[in-house]
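See below for the structure under consideration.
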Ligand code: HEM
């Protein structure tokens, strides 16, 4: 990764989205890990500031202690007013037994065994199709956009299969996903987060009016499948009783469905794009994988560490506590910078280098130790493995061929334009 020049501690401001341009976010995180690992970062009104936790061990301490560091007061930087919380709450912002029951509802669908049995064949075919169509477009030396042609649509096509929605609906799912997570990037957002207009949508997830369309869509499918014996995720949500005996409410369904549409879309896309870019920038590592594709499954954890598609998730302190010598007060926002933990050299030697044979890569890309650990982590791992298993052997060469553009965000480490030229093997 070409590193941004160092940033002085007094210039660090993780709330400034433009401060993340050109990987400057990583340089800020380097400074914090070295000089002030649990750092108070003020924020502009109406927010009240947050603790930035940047070292691996401290992040782990926070993530595995949901009683002290709750998700119930929401997990992004936005401060959702107490009266708006319940109508916006999903699995992600629910703790305790209800969280566990809601999670168990579909957890079995995401175990490696189930995924392998139900989806690997389909996914491999989808990967091949995606790659073959991209290679057709790239023939004769034509520059293609790696995001548009390879990484963007693949994860949502996978999700469309898990939800069993018609293939022709996937462009709509993709557009919705982009709008939600890109709500701080003017290229994607229908209503920019923090804008005056967004106030009227403050009781909707991501403050996005788009969510109403998503709910209409999900509910139509739910009604169709109620009482049926489908095994897709919508049928399960429509028909299976959570094991705490409390039925799914309309809101539970809306929020679960929205979370599924959002969670695996952008994240996996950016994981694939960042990993590919990393291998282009560190060609010795690309060569190792191409020379010996049997290394690819073992390299996935390192690529996930390196890619770090999610910069952070937030918690809120439920009581006064001390972390790395800093006095945290009840109600303070505490933000775990997973991308920073993944660059912590007390955990990973030469953290900015990809080493495709690095052993035991215990990264924090999906969280670490939390009951909220990414539910789709095995699916994401499988998607990325299949993509690189299918793609790398087909490449004689791939080179960046234009300007890389990144998403304006301190939440996703995203690439939105990635022009490449491809020489097939
Ligand atoms: C490389 C891709 C992905 C990354 C980096 C990622 C990252 C994360 C992280 C860091 C969390 C924890 C949030 C927290 O602690 O508050 C999370 C939660 C979650 N992820 Fe993923 N994710 C990815 C792919 C997926 C996929 C493919 C799905 C499935 C469709 C998915 C579904 C979820 C769900 C449902 C949760 C909430 C779990 C809970 O609250 O119990 N994710 N993800």
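In the numbering used here, the protein residues as written are 25 to 449.
Even glycine gets a Cβ: it sits at the ideal position worked out from N, Cα and C.
What is the DSSP secondary structure of residue i, reduced to helix, strand or coil?
| i | result |
| --- | --- |
| residue 229 | helix |
| residue 32 | coil |
| residue 61 | coil |
| residue 347 | strand |
| residue 320 | helix |
| residue 410 | helix |
| residue 419 | strand |
| residue 182 | helix |
| residue 424 | strand |
| residue 272 | coil |
| residue 128 | helix |
| residue 89 | coil |
| residue 385 | coil |
| residue 277 | helix |
| residue 76 | strand |
| residue 108 | helix |
| residue 204 | helix |
| residue 101 | coil |
| residue 404 | helix |
| residue 169 | strand |
| residue 357 | strand |
| residue 255 | coil |
So does residue i have its beta carbon nearer than 6 Å to some heavy atom of the ligand HEM?
| i | result |
| --- | --- |
| residue 292 | yes |
| residue 50 | no |
| residue 132 | no |
| residue 242 | no |
| residue 404 | yes |
| residue 295 | yes |
| residue 327 | no |
| residue 127 | yes |
| residue 287 | yes |
| residue 171 | no |
| residue 396 | yes |
| residue 400 | yes |
| residue 204 | no |
| residue 99 | yes |
| residue 333 | yes |
| residue 115 | yes |
| residue 337 | yes |
| residue 301 | no |
| residue 284 | yes |
Distance check for residue j and residue i, CA to CA, integer angstroms please.
| i | j | result |
| --- | --- | --- |
| residue 200 | residue 228 | 14 Å |
| residue 418 | residue 162 | 13 Å |
| residue 139 | residue 411 | 15 Å |
| residue 19 | residue 366 | Since the displayed the chain opens at 25 and closes at 449, residue 19 lies outside it and no answer follows. |
| residue 354 | residue 270 | 30 Å |
| residue 187 | residue 52 | 39 Å |
| residue 383 | residue 368 | 16 Å |
| residue 403 | residue 289 | 11 Å |
| residue 178 | residue 150 | 8 Å |
| residue 244 | residue 348 | 50 Å |
| residue 80 | residue 61 | 10 Å |
| residue 246 | residue 184 | 14 Å |
| residue 259 | residue 249 | 6 Å |
| residue 143 | residue 181 | 12 Å |
| residue 420 | residue 447 | 5 Å |
| residue 436 | residue 428 | 16 Å |
| residue 34 | residue 66 | 12 Å |
| residue 145 | residue 406 | 11 Å |
| residue 29 | residue 440 | 22 Å |
| residue 141 | residue 292 | 21 Å |
| residue 89 | residue 391 | 12 Å |
| residue 376 | residue 309 | 13 Å |
| residue 68 | residue 39 | 8 Å |
| residue 63 | residue 395 | 25 Å |
| residue 191 | residue 274 | 26 Å |
Any heavy atom of the ligand MN closer than 6 Å to the Cβ of residue i?
| i | result |
| --- | --- |
| residue 391 | Among the ligands modelled here, namely the ligand HEM, the ligand MN does not occur. |
Would you verify that the beta carbon of residue i is, or is not, closer than 7 Å to some beta carbon of chain B?
| i | result |
| --- | --- |
| residue 31 | Within the model displayed, chain B is absent; a lone protein chain is all it includes. |
Is the segment 355–368 in contact with the segment 321–340, if contact means three or more CB pairs nearer than 8 Å?
yes
Answer yes if the segment 393–408 comes into contact with the segment 274–291, meaning at least three C-beta pairs across the two stretches below 8 Å, and no otherwise.
yes
Is the segment 41–48 touching the segment 307–324 in the sense that three or more CB pairs, one from each, lie closer than 8 Å?
no
Any contact of the segment 92–105 with the segment 118–134, i.e. 3+ C-beta pairs under 8 Å?
yes
Could you tell me whether the segment 321–332 touches the segment 293–301, using the rule of 3 or more Cβ pairs below 8 Å?
yes
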